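Trainee: Quick note: the sequence shown uses UniProt numbering, first residue 1, plus one each step.
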Amino acid sequence: MGTYKCCLVFKRRYRWTDAPPPDDVRALFAVHSGGAATMGADGLRRYLESSDPDAADDAEGEADRLLDQIRLQGHQHQRAGPRLPRLGRGQLLGLDDFHRFLFSADLNPPVRRPQVHHDMSQPLSHYYVYTGHNSYLTGNQLSSDCSDVPIIKALQRGVRVIELDMWPNSAKDDISILHGRTLTTPVSLLKCLKSIKEYAFAASPYPVIITLEDHLTPELQDKVAKMVLEVFGTILYYPEEEHPKELPSPESLKGRVLLSTKPPKEYLEAKDGGAAKDGDAEQNPGKGTDDDAAWGTEVPDFKTEIQSAKEDDASENRRDGDEDDDDEDEQKMQQHLAPQYKRLITIRAGKPKGGTTSDALKCDPNKVRRLSLSEQQLAKAVVNHGTEIVRFTQRNLLRIYPKGTRVTSSNYNPFIGWVHGAQMVAFNMQGYGRALWLMHGFYKANGGCGYVKKPDFLMQSEPEVFDPKKPQPVKKTLKVKVYMGDGWRMDFKQTHFDQYSPPDFYARVGIAGVPADSVMKKTKAVEDNWVPVWGEEFSFDLTVPELALLRVEAHEYDMSEKDDFAGQTVLPVSELQPGIRAVALFDRKGNKLPNVKLLMRFEFV
Numbered sequence: 001m002g003t004y005k006c007c008l009v010f011k012r013r014y015r016w017t018d019a020p021p022p023d024d025v026r027a028l029f030a031v032h033s034g035g036a037a038t039m040g041a042d043g044l045r046r047y048l049e050s051s052d053p054d055a056a057d058d059a060e061g062e063a064d065r066l067l068d069q070i071r072l073q074g075h076q077h078q079r080a081g082p083r084l085p086r087l088g089r090g091q092l093l094g095l096d097d098f099h100r101f102l103f104s105a106d107l108n109p110p111v112r113r114p115q116v117h118h119d120m121s122q123p124l125s126h127y128y129v130y131t132g133h134n135s136y137l138t139g140n141q142l143s144s145d146c147s148d149v150p151i152i153k154a155l156q157r158g159v160r161v162i163e164l165d166m167w168p169n170s171a172k173d174d175i176s177i178l179h180g181r182t183l184t185t186p187v188s189l190l191k192c193l194k195s196i197k198e199y200a201f202a203a204s205p206y207p208v209i210i211t212l213e214d215h216l217t218p219e220l221q222d223k224v225a226k227m228v229l230e231v232f233g234t235i236l237y238y239p240e241e242e243h244p245k246e247l248p249s250p251e252s253l254k255g256r257v258l259l260s261t262k263p264p265k266e267y268l269e270a271k272d273g274g275a276a277k278d279g280d281a282e283q284n285p286g287k288g289t290d291d292d293a294a295w296g297t298e299v300p301d302f303k304t305e306i307q308s309a310k311e312d313d314a315s316e317n318r319r320d321g322d323e324d325d326d327d328e329d330e331q332k333m334q335q336h337l338a339p340q341y342k343r344l345i346t347i348r349a350g351k352p353k354g355g356t357t358s359d360a361l362k363c364d365p366n367k368v369r370r371l372s373l374s375e376q377q378l379a380k381a382v383v384n385h386g387t388e389i390v391r392f393t394q395r396n397l398l399r400i401y402p403k404g405t406r407v408t409s410s411n412y413n414p415f416i417g418w419v420h421g422a423q424m425v426a427f428n429m430q431g432y433g434r435a436l437w438l439m440h441g442f443y444k445a446n447g448g449c450g451y452v453k454k455p456d457f458l459m460q461s462e463p464e465v466f467d468p469k470k471p472q473p474v475k476k477t478l479k480v481k482v483y484m485g486d487g488w489r490m491d492f493k494q495t496h497f498d499q500y501s502p503p504d505f506y507a508r509v510g511i512a513g514v515p516a517d518s519v520m521k522k523t524k525a526v527e528d529n530w531v532p533v534w535g536e537e538f539s540f541d542l543t544v545p546e547l548a549l550l551r552v553e554a555h556e557y558d559m560s561e562k563d564d565f566a567g568q569t570v571l572p573v574s575e576l577q578p579g580i581r582a583v584a585l586f587d588r589k590g591n592k593l594p595n596v597k598l599l600m601r602f603e604f605v
C-alpha cells in the first residue's frame with residue numbers, strides 16, 4: 001500500500017499488486033510440465049535444451065543447479081516478504097517458481113554466459129579494442145582534476161587502451177600527466193603506471209595498451225623508459241624488430257602491457273606549451289553542459305555526423321590538428337629520441353609522407369602502424385575514401401578520438417568508426433550519456449574481455465573490399481516482446497518519480513547500428529503502477545546484424561515536465577539468447593540497478 005498527497009491536503013492510497021505471469025510464460029510452463037501443476041528437473045532440462053541448444057550437453061547438471069538456486073531465491077523472497085511462494089517439496093517447480101526463474105537476471109540473462117568465445121589468435125588489427133580517451137580526467141576537458149582513479153575504474157570495466165598525456169613538471173625534472181594548455185591539475189606518471197599495473201587484468205586477461213601523447217625532452221623520455229621498465233618488468237611487451245610486418249595476437253599477449261606512441265616532436269613545442277592535440281579544447285563550453293542535456297540527447301546517425309563534418313570543415317581543421325607525424329618528421333626526430341624509450345614502443349603511430357587522406361591511408365607491406373583521426377576527420381574521409389579506410393584497417397590500427405569542442409567530455413556516434421573497421425574508437429569514459437551506453441553495450445560481447453573480433457566481411461579483400469556506403473539486404477529480423485517490468489519500488493523512494501501517484505512507466509526499444517538499421521520504438525505508458533505490464537511486440541529488420549546493438553530504456557511519463565529516466569541497457573544483438581529473458585537495467589553512469597529489470601522475449605526470423 002502506498003500513500004500519496006492529493007491537492008496538498010488530502011491523501012490517496014494505492015494498493016501495490018504483483019502482476020501474474022504473462023500468458024506466454026503460462027503456455028511455456030504447460031508445455032514443459034506436460035500440463036501438470038508442477039515441473040520437475042526433467043521438465044526444466046527440456047526447457048533449457050529448447051531455449052539454449054549450446055547448453056544441451058550439460059542441461060541435466062544445469063537443471064539441478066538452477067533448481068537449487070531457485071529454491072534459495074524462494075527462501076530469500078520469503079524472508080523479505082511473501083511476494084512469491086517458495087519452491088515446493090521434492091524439487092518441483094510451480095508456475096510462480098518458473099516465472100521467478102525466467103524473471104531473474106542472474107539465472108536467466110539475455111546474453112551468453114560471460115566467457116570468451118571469439119578466436120583470439122589473429123593479429124590485433126582483427127579486433128575492436130575497448131579504448132579510452134584522456135583516461136586520467138575526472139570530468140570536463142578544461143578544468144577537472146587529473147587522477148589515477150578514472151584509470152582504475154576504466155580498467156575495472158574492461159577498457160584495454162589507456163591514454164596518458166605526458167608533460168614536463170614545473171621544475172622540468174619529472175613527468176606529469178595532464179591535459180595540455182588547460183587548467184587541469186596534474187597527476188604523476190609514476191602513480192598512473194603503478195595503478196595500471198595493479199588493475200590491468202582485474203576484468204580481462206588480454207593485453208592493455210598505453211597510448212602516450214609525448215611532450216618531453218630526450219632526458220625525460222629516458223626517465224620514462226626507466227620508469228616503465230621498473231614498474232612493469234617482465235609484463236611489458238616490446239618487439240625485437242623495430243618495424244614488425246604484423247601485429248601480435250591478443251592471445252599471445254595475455255597478461256602483457258604494450259606502449260603505443262608517435263615519435264615525439266622537438267622539445268621546443270613542449271617548452272612553449274605544446275601543439276594543440278586532439279584533447280586541447282575550446283575555452284567556451286557552449287550550451288548543453290548539464291548532465292540531463294548529455295544523457296537526454298539522442299545519438300545522431302552517422303549520415304548526420306558526415307553532414308556536420310562537411311559544415312564544420314574549416315573550423316574543426318584548425319582545432320583538431322594531426323596527431324601523427326609523417327615519416328619525414330620521424331626521421332628528423334630520431335636524433336632527439338632517447339634510444340631506450342624508442343625501443344619500448346610496440347605500436348608506432350605515424351603516417352607516410354604527403355598531406356592527402358589517400359596518402360595517410362596507404363599500406364606499407366613491410367610494416368604496420370597506428371593512424372589517429374578525429375571524429376570530424378573520419379566523417380570527412382569516409383565520403384570519398386570509405387573502402388580505403390576498410391582496407392587500411394585490415395592490417396593497421398585506426399584510432400578515432402573526440403573532436404576538440406567536446407569540452408564537457410561528451411561522446412559521438414561510434415558506428416561510423418566501427419563499420420569502417422576502426423579498432424580504437426576512443427571515448428571519454430566519464431562522459432555519461434547515450435553514446436557511452438552504446439560503448440558499454442558493445443563490449444559486453446565476447447565475455448566482456450575488451451576485445452571483439454571484427455566481422456569477417458570487414459577483413460575480406462576478395463572479390464572486393466566492403467563498401468559501407470552500399471545498401472545491404474536484410475540479413476535477419478529480430479522480434480522483441482516487452483512483457484513487464486519490476487524492481488523500481490525496491491530501488492527508488494516512493495515519491496522519486498511522482499509526488500502524487502505511483503509512476504506511469506513506458507519502455508523504449510530499438511536498434512543502434514548502421515543508418516538503415518537504427519530506429520527507436522516505444523510502448524504505451526502504464527498509469528499508476530510500480531509493476532507495469534505492456535505486452536507489446538516490435539520487429540526490427542537488420543542489414544548488418546553483426547554490429548547491431550539492442551537499446552532498451554525505461555522512462556516515467558510526466559505530463560507537465562520532462563519524462564523521468566528509469567533505467568537503460570544496451571546489448572549486442574549477436575550475443576542475444578532467443579526466448580524469454582530477464583533484462584537488468586542500469587543507471588545513467590552504467591552501474592547496475594540492484595532490482596530493476598524487464599521481462600522480454602527475443603526471436604530471430
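Ideal placement from N, C-alpha and C gives every residue a C-beta, glycine not left out.
Predicted model, so just to flag it, every value in this text is computed and none were measured.
Does DSSP put Ala275 in a helix, a strand or coil?
Mentor: With a pLDDT of 38 at Ala275, under the threshold of 50, the modelled position of that residue is not reliable, and no figure is offered here.
Trainee: Does DSSP put Ala154 in a helix, in a strand, or in coil?
Mentor: Helix at Ala154.
Trainee: Between Gly450 and the rest of its own chain, which residues show a CB-CB distance below 8 Å, the 5 nearest in sequence each way excluded?
Mentor: Cβ within range, chain order: Val129, Tyr130, Gly158, Val159, Arg160, Ala203, Ser204, Tyr206 and Tyr443.
Trainee: Going by DSSP in three states, His99 sits in which element: helix, strand or coil?
Mentor: Looking at His99 - three-state DSSP - the assignment turns out to be helix.
Trainee: Could you have a look at Met429 and say whether DSSP puts it in helix, strand or coil?
Mentor: Of the three classes helix, strand and coil, the one that applies to Met429 here is coil, per DSSP.
Trainee: Between the segment 478 to 490 and the segment 591 to 603, are three or more C-beta pairs nearer than 8 Å?
Mentor: These segments touch.
Trainee: Buried or exposed: where does Ser410 fall if 16 or more other Cβ atoms within 10 Å of its Cβ makes it buried?
Mentor: Per the 10 Å Cβ criterion, buried.
Trainee: Which residue spans inside the UniProt domain "C2" (459 to 587) form an unbroken beta strand (DSSP E) run of at least 3?
Mentor: For the UniProt domain "C2" (459 to 587), whole beta strand (DSSP E) runs of length 3 or above, ordered along the chain, are 476 to 486, 505 to 512, 519 to 522, 533 to 542, 549 to 556, 564 to 572 and 579 to 586.
Trainee: With a threshold of 6 Å on Cβ separation, who are the neighbours of Glu388 within its own chain once the five nearest residues in sequence on each side are excluded?
Mentor: The residues are Leu361.
Trainee: DSSP state of Asp329, grouped into three classes?
Mentor: Caution is warranted here: a pLDDT of 49 is assigned to Asp329, below 50, making its placement in the model unreliable, and the coordinate value is therefore given only provisionally. Helix at Asp329.
Trainee: Verify whether the separation of the beta carbon atoms of Cys146 and Ile175 is less than 8 Å.
Mentor: No, the Cβ-Cβ distance between Cys146 and Ile175 is not below 8 Å.
Trainee: By alpha-carbon positions, which one of Val531, Leu576, Ala566 and His133 ends up nearest to Glu546?
Mentor: Glu546 has its Cα closest to that of Leu576, out of Val531, Leu576, Ala566 and His133.
Trainee: What three-state label does DSSP hand residue 608 in the structure shown?
Mentor: For residue 608 there is no data in the structure shown, the boundaries of the chain being 1 and 605.
Trainee: Residues in the same chain with beta-carbon distance under 8 Å from Thr477, minus the five sequence neighbours each way, listed in chain order, please.
Mentor: Only Ser539, Phe540, Asp541, Leu542, Phe604 and Val605 meet the Cβ criterion.
Trainee: Based on DSSP bridge pairs, tell me the residues matched to Ser374.
Mentor: Ser374 pairs with Tyr401.
Trainee: Helix, strand or coil, according to DSSP, for Ala349 in the structure here?
Mentor: Ala349 falls in the strand class under three-state DSSP.
Trainee: Just reading off the beta strand (DSSP E) that Leu28 is part of, what are its end residues?
Mentor: Where Leu28 is concerned, there is no enclosing beta strand (DSSP E), although the alpha helix (DSSP H) it sits in stretches over Asp23 to His32.
Trainee: Could you say which of Tyr412, Val514 and Asp587 lies nearest to Gln377 if we only look at CA atoms?
Mentor: The candidate whose alpha carbon is nearest that of Gln377 is Tyr412.
Trainee: Is it right to say Ala422 is buried, meaning 16 or more other beta carbons lie within 10 angstroms of its own, or is it exposed?
Mentor: Classification for Ala422: buried.
Trainee: Do Val116 and residue 607 come within 8 Å of each other at the CB atom, strictly closer than that value?
Mentor: With the chain represented from 1 up to 605, any question about residue 607 goes unanswered, as that position is not in the structure.
Trainee: Tell me the rounded alpha-carbon separation between Tyr483 and Leu549.
Mentor: Going by the C-alpha atoms only, they are around 20 Å apart.
Trainee: Can you name the start and end residues of the alpha helix (DSSP H) that Leu229 belongs to?
Mentor: Counting along the chain, the alpha helix (DSSP H) containing Leu229 begins and ends at Pro218 to Phe232.
Trainee: Using a Cβ-Cβ cutoff of less than 8 Å, which residues in the same chain neighbour Ser125 once the five nearest sequence positions on both sides are dropped?
Mentor: Leu247, Val368, Thr393, Gln394, Arg395, Asn396, Leu397 and Gln423, listed in sequence order.
Trainee: Figure out for me which residue from Pro300, Pro468, Asp491 and Asp564 has the closest Cα to the Cα of Ala381.
Mentor: Comparing Cα-Cα distances from Ala381 to each of Pro300, Pro468, Asp491 and Asp564, the minimum goes to Pro468.
Trainee: In three-state DSSP terms, what is Glu246?
Mentor: Correct three-state label for Glu246: coil.
Trainee: Does DSSP put Met120 in a helix, a strand or coil?
Mentor: In the structure shown, Met120 sits in coil (DSSP, three-state: anything other than H, G, I, E or B).
Trainee: Just to confirm, are Phe565 and Pro532 a CB contact at a threshold of 8 Å?
Mentor: Contact: no.
Trainee: Take every Cβ of the segment 208 to 215, pair it with every Cβ of the segment 161 to 169, and state whether three or more of those distances are shorter than 8 Å.
Mentor: Yes, they touch.
Trainee: Taking only the alpha-carbon atoms, compute the straight-line gap between Leu216 and Ser188 and give it to the nearest angstrom.
Mentor: Taking the straight line from one Cα to the other gives about 14 Å.
Trainee: So what's Leu190 in DSSP terms, helix, strand or just coil?
Mentor: Leu190 falls in the helix class under three-state DSSP.
Trainee: How many angstroms separate the CA atom of Gln221 from the CA atom of Tyr341?
Mentor: Cα to Cα, the separation comes out at about 6 Å.
Trainee: What are the start and end residues of the beta strand (DSSP E) that includes Met166?
Mentor: Val161 to Pro168 is the extent of the beta strand (DSSP E) around Met166.
Trainee: Using only CA atoms, which one of Leu258, Asp491 and Thr495 lies nearest to Lys592?
Mentor: Comparing Cα positions, the closest option is Asp491.
Trainee: Quick check on the DSSP output: the alpha helix (DSSP H) that includes Ile416 runs from which residue to which?
Mentor: From DSSP, the alpha helix (DSSP H) with Ile416 extends over Phe415 to Trp418.
Trainee: By how many angstroms is the C-alpha of Val583 removed from the C-alpha of Pro109?
Mentor: C-alpha separation (whole angstroms): 6 Å.
Trainee: Keeping to the same chain, check which residues put their C-beta closer than 7 Å to that of Ile416; ignore five residues upstream and five downstream.
Mentor: If we look at Ile416 and ignore the five residues flanking it on each side, its Cβ neighbours are Phe302, Glu305, Leu378, Ala379 and Val382.
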